[in-house]
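Below is one structure; the comments refer to it alone.
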Amino acid sequence: MSDMDLALKDMMSIDGALGAAVVDYNSGMALGMLGSSKALDLNVAAAGNTEVVRAKLRTIEQLGLQEDIEDILISLSSQYHLIRPMTGRKSRGLFLYLALDRARANLALARHRLRGIEEELEV
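Residue numbers (the UniProt record's numbering): 1 to 123.
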């Protein structure tokens, strides 16, 4: 089993996980995905969240900030969507995407676990 497969399984083991993906934000394509919800199209989510990441990176650049994105949280009425850009030398241009059921998820714990997964994953 590849590192990416293990990372996706680890992401899906987070309480409330509905779907997980590793996405290339240069192309908008998911390199790997795993989901438990038929209502969540991970290909559409990967492409749409690519635009979110690109927009935020452009804004940071235009503002002249010397900052990196740690994570992006999108709160919906019934879900949380977490986006975590990867920071490794070989994984630049990728982000982790995790959709959570808001009623079952612990957001702080999910963010903590996603950070650990990102640090361990080598693509």
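Beta carbons are placed, not taken as given, at the ideal position from N, Cα and C, and that holds for glycine.
Here A103 carries a coil assignment [DSSP, helix/strand/coil]. When secondary structure is reduced to three states using DSSP, R113 falls in the helix class. As the crow flies, the alpha-carbon of S75 is around 31 Å from that of S2. By the neighbour-count criterion, in which 16 or more other beta carbons inside 10 Å mark a residue as buried, L65 falls on the exposed side. In this structure, the CA atom of M33 is about 23 Å from the CA atom of K56. By the C-beta density criterion, R84 is buried, having at least 16 other C-beta atoms within 10 angstroms. S75 is bridged by DSSP to Y80. Nearest neighbour of H112 by Cα position, chosen from T59, L63, L98, turns out to be L98.
By alpha-carbon distance to R58, the top candidate from H81, G116, Y25, S36 is Y25. Within the same chain, Cβ atoms closer than 8 Å to the Cβ of M4 are found at V22, L31, G32, L121, V123, the five residues on either side in sequence being excluded. Beta-bridge partners of L94 (DSSP): D24. Among the bridge pairs identified by DSSP, M29 is matched with D24.
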